[in-house]
Every structure is written in structure tokens, then in C-alpha cells.
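Just below is one structure, and these are the notes that go with it.
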Amino acid sequence: MISAVQSALAGLRTASQRLDQAATDIVSAGARSAEAVVPSAEGGVQNTPATTRPVSVGFDPAAFADERSPSLTDGVLAFKEAEILYKASAKVLGSLQRLEGEFLNINR
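In my numbering, the protein residues as written are 3 to 110.
In C-alpha cells form, the structure reads like this:
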């Protein structure tokens with residue numbers, strides 16, 4: 003039973019770390035989006051590309067190996083996954099508590 007509690011607590015800790023990372027990704031994706039919009043001379047806004055890299059014809063995976071720039075959608079999906087993991091781990095802890103209560107006959 004102790005290993006099950008440790009597993010559930012590890013799941014809570016992992017979910018918490020993933021929530022933190024997802025929140026950071028969401029904020030940085032929003033900041034990149036805000037940087038892509040600049041005021042125009044006419045008083046409105048002008049959309050500019052977030053990067054000024056030249057467009058290449060072929061795909062070079064090495065060019066993206068070190069760059070980690072998740073999109074807003076990726077961040078929201080990661081946040082939702084972490085939420086589900088957190089709730090599942092909490093549910094395991096609740097089930098273990100009920101099982102322990104029945105095993106020790108405390109609740110009756």
C-alpha cells in the first residue's frame with residue numbers, strides 16, 4: 003500500500019511540474035504573439051512575422067533541434083493533460099484512503 007501512495011504522490015508532483023511548464027509555455031507563446039503585432043504609422047496595428055528567418059525549400063530537422071517554441075495550442079493541451087493527471091492521482095489517493103478505512107474497519 004505504501005508503494006501505491008508513493009506512486010500517487012509522484013503523480014501529483016509530476017502533474018504539478020507539468021502544470022508549471024505548461025503555464026510558462028502559454029505565457030511565452032502569448033508574449034511572442036504580442037511581439038508579432040506592432041503599431042503602424044496610421045495608428046492601427048500591423049502584423050509582422052515573429053521570426054525573420056529566410057524560407058528554405060527543403061526541410062532540415064537539425065535547424066529545429068535546439069529551438070523549443072511551443073504554440074499557445076500546445077501549451078493549453080499540455081495544461082489540460084497535466085490537470086487530468088493531477089485529478090487521477092488525487093483520485094488514487096482518495097481510493098487508497100477509503101481502502102485503508104475499510105481494511106482497518108475505522109469507518110464502521
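The beta carbon of each residue, even a glycine, is placed where N, CA and C say it ideally should be.
Beta-carbon proximity check, residue i vs residue j, cutoff 7 Å
i: Ala10; j: Leu95; result: yes
i: Ala24; j: Leu98; result: no
i: Leu14; j: Ser73; result: no
is_contact[residue i, chain D] using C-beta, thresh 7 Å
i: Ser9; result: You won't find chain D in this structure, because it holds only one protein chain.
Chain-order list of residues whose beta-carbon lies under 8 Å from that of residue i (same chain, five-residue window excluded)
i: Asp76; result: Asp27, Ala31
i: Phe66; result: Below a pLDDT of 50, predicted positions are generally treated as unreliable, and Phe66, at 47, falls in that range; the measurement from the model is reported next regardless. So the list is empty, once near-sequence residues are dropped.
Where residue i falls, given that 16 or more other Cβ within 10 Å makes a residue buried
i: Ala84; result: buried
i: Ala17; result: buried
i: Asp22; result: exposed
Same chain only: Cβ atoms within 6 Å of residue i, ignoring 5 sequence neighbours per side
i: Phe81; result: Ala24
Rounded Cβ spacing between residue i and residue j (contact assumed at less than 8 Å)
i: Glu104; j: Met3; result: Contact flag wrong, Cβ pair sits at about 12 Å.
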